[in-house]
Structure formats: C-alpha cells, structure tokens
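Enquirer: Below: one structure in structure tokens.
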C-alpha cells in the first residue's frame, strides 16, 4: 500500500517552505516520529488534532480540521551558558511567532506566514475566526537519549468545503 500524504497538510507545508522560517525550509514532516536525530534539529512535525464534518448546505459539507505544528529545537548547546547566552527558547519563539520591533508578527515566522497566506486554495483556508495558540515547553530526553529540546506546539483551524459525496460526479 502506498504511503498516504494528506493533501491539506502538504499544502500547509508548501506554504511554510515558501514563506516561513528559512531555518525550517524542507524540515517539515507529517505526523510525529517521537524519536529524532539531534543533528537534524530544528525540525517541525505537522498533523491533525481533531476533525469535525457537518452539512454546510444541502449539497455541501464543511470540514473543520484542527492542525498541530510541533517545532522541536535543540537546547543542549545552551547548557552551562550564562543567562545572556541561552538562545534555545527565544529561537523557538522566533520560529513560531517572532515579532518586529513594532510588535507585529514577522511574516516569515510560522504564525505570520500562515496568517499572511490564509487562503490556501479554492475552498480551503485558515479560519481566522478562531484563535491560533502556541504552547511552549521543554523535552528532557523525550525525543531520545541525550536529546534536550525546547518545543512549541501551534494549534490552528483549517476549513474545507466540498460537495457531498453523493453529488460528486
């Protein structure tokens, strides 16, 4: 059986590779492999959290897909550094939701790129009516022995509308 690659998640990855942080270009994976190669960090994993489907009209369905992007950043290099040299967490913040000096989101952060390019395709868009959320944390060897990470999880909703299957030709 061929490996399934979800077209909506692939579309989001294409937007992020084109408009997102340079440090993560071509470093987005589908799903979460749990154990990673430390030399490949930073990297990001994209998957679904939940999906709801309901009638939009008599002939159309609307899907609301809650997407999760988990960015993993190596913080081992920060060990034994003074307070002014600890960069892992702030580098993670910059990748996910970095801001300009005027407090606006950077367009090349993940959140900024997704908001700037919210219309992903015909009948596929990021729902700006719901809030996007980022949770930050630390992973102490959760990704493998000797791997210490700062991790940020971005959650947002994508909406897709389509004809009901019985109306598709």
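Numbering (the working numbering), first residue to last: 191 to 359.
Quick reminder that beta carbons are idealized off the backbone N, C-alpha and C, glycines included.
These figures come from a predicted structure and were not determined experimentally.
1) From what residue to what residue does the alpha helix (DSSP H) around residue 229 run?
2) Could you check where the alpha helix (DSSP H) with residue 284 kicks off and where it finishes?
3) According to the neighbour-count rule (16 or more other Cβ atoms, all chains shown, within 10 Å of its Cβ), is residue 325 buried or exposed?
4) In chain order, what residues of the same chain have a beta carbon less than 8 Å from the beta carbon of residue 212, not counting five sequence neighbours either side?
5) For the stretch 300-324, list the alpha helix (DSSP H) runs that are entirely contained and at least 4 residues long, ordered along the chain.
6) Can at least three beta-carbon pairs, one atom from the stretch 276-294 and one from the stretch 335-347, be found at a separation below 8 Å?
7) In the DSSP assignment, find the alpha helix (DSSP H) that holds residue 295 and state where it starts and stops.
8) Out of curiosity, what's the CA-to-CA distance linking residue 215 and residue 251?
Expert: Short version:
1) If you number the chain shown from 1, residue 229 lands on position 39. Note, residue 229: premise wrong, no alpha helix (DSSP H); not H, not E.
2) If you number the chain shown from 1, residue 284 lands on position 94. Where residue 284 is concerned, the enclosing alpha helix (DSSP H) stretches over 278-287.
3) Along the chain shown, read from residue 1 onward, the residue named residue 325 stands at position 135. Looking at its Cβ environment, which holds fewer than 16 other Cβ atoms inside 10 Å, residue 325 is exposed.
4) The count along the chain shown starts at 1 and reaches residue 212 at position 22. Cβ neighbours of residue 212 beyond the five flanking positions: 298.
5) 300-306
6) yes
7) Translated into the one-based positions of the chain shown, residue 295 becomes position 105. Premise fails: residue 295 is in no alpha helix (DSSP H) and is neither H nor E.
8) Locating residue 215 in the chain shown gives position 25, counting from the first residue. Locating residue 251 in the chain shown gives position 61, counting from the first residue. Approximately 33 Å, taken between the alpha carbons.
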